[in-house]
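Undergrad:
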Amino acid sequence: MRRIRKPYTVISICLLLFFAATSCKKTLQTSPPGTSAVETFEELWTFMDRHYALFDVKQIEWKMIYDKYRSTVTNAMTEAALFEVCADMLEELKDGHVTLISPFKTFTYENFYRLFPTNFNYPNISANYLGSSSKVSGPFIYTIKQGIGYLYCKSFRDDYTNEDLEKVFNELQSTTGLILDIRSNTGGKAGNVNRLVQKFLDKKTLVKYELVKSGPGHNQFLLPNAYYLEPTAIPYSNPVIVLTNRTCFSACNDFASYMNYLPQVTILGDQTGGGGSIPNNYILANGWTLQYSSTITLSADKIPIDAGITPDIYLNISPIDETNGIDPLIEKAFLLLK
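Read in order, the letters of the sequence shown correspond to residues 166 to 503 in the numbering used here.
Right under this line is the structure:
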């Protein structure tokens, strides 16, 4: 039992009750202002409503999606449960550039490639098509067979030097045709894409348009901004067959689009995975990070490329071919270039 050493005055009792009351209020406040479940959901939906660029391209009714998920959100739900609702809502966009990152979980839409055949088996390629004659220069692996070049570009993420590129094309220049394999390349840096494309240009070439938002409306954009690339050194002008699959995404999707308009190029394989936009980041009040598509990328003839690039020749790898170590895309490309 607490011993009271001196009697309280009326004023001191009132002060004690005041501080006790305010202390209780602070204890009951479990979330900082603006970070309750409802507020977080509203912030996420509203930010996307004003800044996401692809609603009209994807023909998405964002308000209908709000109505579908808002009723499932209450301030009594756990942070983990809220994350699942937000992730489910974002998944409706079917956009591989949309990501939600929390300290305990990350959501990224991956069905743009997971629902389709892989159509790529690098161990088979290494063993049966590259062999001991292959060479490496930066991110490029290449070889020459029967006068036809094979060049595998696994990623555009890692920078490469002009010397890396020149080394490759100095050797490939003598070939009568080139198989350029970009399968399962998930993108990277635009500068790396541009430098590789430039090796195939013989003149200044329009490669894309970019639409940048000018306001919060779903169709509010500035006029299309045209992008051109200039040729560098001696271009590779012989026939080129670009091999693609559904995992060709983002900057790799851009690369396929640029190459698709060159007269000496044929696209062979599956449709690319899309990702026709420049991604940007936003940090929610509760600390979660949102990545979203902030622009619309258009092809040289002003067609959105978010859904991917359609190949000139569709071709898949069957399970039997894969078991036997055969890559029918490479085989077909060799036949076309002979």
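For each residue, glycine too, the CB sits at the ideal point set by N, CA and C.
1. Going by beta carbon distance, what residues of the same chain come within less than 6 Å of residue 377, once the five residues before and after it are set aside?
2. Helix, strand or coil: which one does DSSP assign to residue 257?
3. If we ignore side chains and look at the alpha-carbon of each, how far apart do residue 131 and residue 240 end up?
4. Under 6 Å Cβ to Cβ from residue 285, same chain only, skipping five residues before and after it: list those, please.
5. Quick check on the DSSP output: the alpha helix (DSSP H) that includes residue 495 runs from which residue to which?
6. Can you list, in chain order, the residues of its chain with a C-beta nearer than 7 Å to that of residue 473? Leave out the 5 residues immediately preceding and following it.
7. The alpha helix (DSSP H) with residue 228 in it runs from where to where?
8. Sorted by chain position, which residues of the same chain lie with C-beta nearer than 8 Å to residue 389's C-beta, five sequence neighbours on each side aside?
9. I'd like to know whether the C-beta atoms of residue 263 and residue 456 end up nearer to each other than 8 Å.
10. Pop quiz: residue 372 and residue 423 are said to be a contact at Cβ under 8 Å. What is the actual Cβ separation, rounded to whole angstroms?
11. May I ask which residues mark the beginning and end of the alpha helix (DSSP H) holding residue 212?
12. Determine the DSSP secondary structure at residue 458, reduced to helix, strand or coil.
13. With three or more beta-carbon pairs closer than 8 Å as the criterion, would you say the segment 444-451 touches the segment 399-413?
14. Can you find at least 3 beta carbon pairs, one from the segment 270-281 and one from the segment 244-253, that sit closer than 8 Å?
15. Let me check understanding here. Comparing Cα to Cα, which of 487, 200, 414, 257 lies closest to residue 213?
16. I'd like to know whether the C-beta atoms of residue 470 and residue 441 end up nearer to each other than 8 Å.
17. Hey, how far is the Cα of residue 333 from the Cα of residue 279?
TA: Let me spell this out:
1. Listed in chain order, the non-local C-beta contacts of residue 377 below 6 Å within the same chain comprise 387, 460, local neighbours out to five positions each way being set aside.
2. If DSSP states are grouped into helix, strand and coil, residue 257 belongs with coil.
3. Only positions 166 to 503 of the chain appear in this structure, which leaves residue 131 out of reach.
4. Excluding sequence neighbours, residue 285 sits near 348, 349, 410.
5. Residues 493-502.
6. Same-chain partners within the cutoff: 418, 436, 437, 438, 439.
7. Unbroken alpha helix (DSSP H) run through residue 228: 227-235.
8. Residues 374, 375, 376, 463, 467 of the same chain have their beta carbon placed closer than 8 Å to that of residue 389, with the five preceding and five following residues left out of the count.
9. Yes; because the gap between Cβ atoms is below 8 Å, this pair is in contact.
10. Between residue 423 and residue 372 the Cβ distance is about 4 Å, and since that is below 8 Å, they are a contact.
11. Element bounds for residue 212: 202-216.
12. Residue state for residue 458 is assigned as strand, using DSSP reduced to three classes.
13. With a cut-off of 8 Å, the segment 399-413 and the segment 444-451 do not count as touching, because too few Cβ pairs lie within range.
14. With three or more CB-CB distances shorter than 8 Å, the segment 270-281 counts as touching the segment 244-253.
15. For residue 213, the closest alpha carbon among the candidates 487, 200, 414, 257 is that of 257.
16. For residue 470 and residue 441, yes; Cβs fall inside 8 Å.
17. Rounded to the nearest whole angstrom, the CA to CA distance from residue 333 to residue 279 is 32 Å.
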